[in-house]
Each structure stands twice: as structure tokens, then as C-alpha cells.
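Please read the structure below before turning to the comments.
In my numbering, the protein residues as written are 1054 to 1121.
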């Protein structure tokens, strides 16, 4: 299992259904926030990435809601 898959499993286990992620969503997050992945040991660390990921995800959800 990759670090990315492990992050996904752990994140989804800890999150309510409305914050569940997919591998595609994680890929978009990494493309949008490349600076977070510059430090090798931080790559998909649940402790380092989960909070920024949730903030990014909720901000993205709000933007989609506004555009409707």
C-alpha cells in the first residue's frame, strides 16, 4: 500500500461521510498545493497533511456551492 493510499484510508476512517476523499481528490490536492509536498518526510503524512487537506477540501466545496 502506498503512502497516498494509507492516507486515504486513515483520513476516511477519521472523517464524516461529507469529508470522505478519493484518490482523484488527493491527486487534485497535490497539484493545487505542491509546496506542501516539497519536504520528503511530509509526503502524505496524516499528521502533517490532514488539516491542510480538510481546509482545502471544504474551501473547494464552498466554491462549487457558490457557482451553482
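Every residue, glycine too, gets a C-beta built ideally from N, C-alpha and C. As the structure is a computational prediction, the values presented were derived from the model and not from experiment.
Residue i versus the options, residue with shortest Cα-Cα distance
i            : options                : result
residue 1109 : 1087, 1054, 1063, 1092 : 1087
residue 1101 : 1071, 1060, 1069       : 1060
residue 1068 : 1091, 1112, 1104       : 1104
CB contact flag (residue i, residue j, <7 Å)
i            : j            : result
residue 1057 : residue 1097 : yes
residue 1084 : residue 1090 : no
Residue i to residue j span [Cα, whole Å]
i            : j            : result
residue 1070 : residue 1106 : 15 Å
residue 1125 : residue 1064 : Residue coverage of the chain in this structure runs from 1054 to 1121, which leaves residue 1125 outside it and unanswerable.
residue 1113 : residue 1099 : 20 Å
Buried/exposed call for residue i, threshold 16 Cβ in 10 Å
i            : result
residue 1035 : In the structure as shown, the chain begins at 1054 and stops at 1121. Residue 1035 is therefore absent and cannot be evaluated.
residue 1073 : exposed
residue 1079 : buried
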